[in-house]
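Following my numbering, the numbering of the sequence shown begins with 16 at its first residue and continues without gaps.
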Amino acid sequence: ARAAPVAPADALRVVAADLPPYAVAQGGASPGLLVEVVQDLSRRLGTPVTVEFYPWQRALTMATVLPHIAVMPVTRTPEREALFRWLVRLHQQNFVFVALHGGADLRDLAALRRLRLVVLRGSPHKRVLQELNFVDVAECSTVRECMRMLKKGIADVTYGGEDVHRNAAGTDGNRETEFDFSPVFRSGDIWLAGSLDFSEEDSRKWRAALEAARADGTLARILRKYGLAGN
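Following this line, the structure appears as structure tokens:
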């Protein structure tokens, strides 16, 4: 077996989950919108970067217990505020409800509260929905698994990031038209979040690098590659 390449000693270790179109574990030349953005910013900072993929809950935990490690894409919430050093805001995502076509009225919150919902483990979505009096909220390990649970009738509705769910709707032999998507229910900023041993000066440098990427058109080019709008 071929040994894995050894990362430079000064490389920044970034962990992520397989969340196309933001981060793609087997993406090759298209590793994901936010992976490409972080790779570009790291080049501007002169810092090599390695991106490793793990289940989302594990990736989040790694950045809270290991030194000098970053994780993406993390929705910034009050509950998470003190857990990470927030290095740079990468994107804003919209959160929606998804069901099989014709399977549920996604505009009727009262009806949705009576259905079986499933959300990505490690996301803030379960807490958010429970605070809104949703009572039957299960978790899955990947967004694709959430969508499979809809197809198999294990769950009625899934909830989470619209871009990621629309991408997952076209996998496993499915078509996006087989699913209904609600209007935007909420939105949230997603970040590259670091372990707490990063400094505020590190955050400032990452933010400056992003502004440079925005100014010279690199950010817009990467967004176009993945068919997404800037925000």
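C-beta atoms are modelled at their ideal positions from N, C-alpha and C, and glycine is treated no differently. All figures in this text were calculated on a predicted structure; none of them were measured in a lab.
Taking DSSP as the reference, what is the three-state secondary structure of residue 237?
-> In this structure, residue 237 counts as helix in the three-state DSSP scheme.
Answer with buried or exposed for residue 211, where buried requires no fewer than 16 other C-beta atoms within 10 angstroms of its C-beta.
-> Per the 10 Å Cβ criterion, exposed.
Verify whether the separation of the beta carbon atoms of residue 183 and residue 164 is less than 7 Å.
-> Against a cut-off of 7 Å, the Cβ pair of residue 164 and residue 183 comes out as no contact.
Cβ-based burial, residue 240 [other Cβ within 10 Å; buried from 16] = Flag for residue 240 reads exposed.
Nearest to residue 89 by alpha carbon, out of 174, 203, 190, 82?
-> Ranking the options by Cα distance to residue 89, first place goes to 203.
With contact counted as at least three CB pairs below 8 Å, one residue from each stretch, are the stretch 114 to 133 and the stretch 168 to 178 in contact?
-> When Cβ pairs closer than 8 Å are counted between the two stretches, the stretch 114 to 133 is seen to touch the stretch 168 to 178, the count reaching three or more.
Please say whether residue 49 and residue 105 have beta carbons closer to each other than 7 Å?
-> Yes, Cβ-Cβ distance for residue 105 and residue 49 is below 7 Å.
With a cut-off of 8 Å, do at least 3 Cβ pairs link the stretch 93 to 108 to the stretch 210 to 229?
-> Below 8 Å, enough C-beta pairs join the stretch 93 to 108 and the stretch 210 to 229 to call them touching: three or more.
Where the alpha helix (DSSP H) through residue 54 begins and ends = It spans 48 to 60 - the alpha helix (DSSP H) in which residue 54 sits, taken as one unbroken run.
Report yes or no: do three or more beta-carbon pairs, one from the stretch 26 to 33 and one from the stretch 48 to 67, lie closer than 8 Å?
-> Segments in contact, yes.
Would you tell me roughly how many angstroms separate the C-alpha atoms of residue 132 and residue 59, rounded to the nearest one?
-> Residue 59 has its alpha-carbon roughly 42 Å from the corresponding atom of residue 132.
Are the stretch 59 to 71 and the stretch 31 to 38 touching by the rule of at least three beta carbon pairs closer than 8 Å?
-> With contact defined as three or more Cβ pairs closer than 8 Å, the stretch 59 to 71 and the stretch 31 to 38 are in contact.
Between which two residues does the beta strand (DSSP E) harbouring residue 201 extend?
-> Secondary structure note for residue 201: its beta strand (DSSP E) is the uninterrupted segment 201 to 209.
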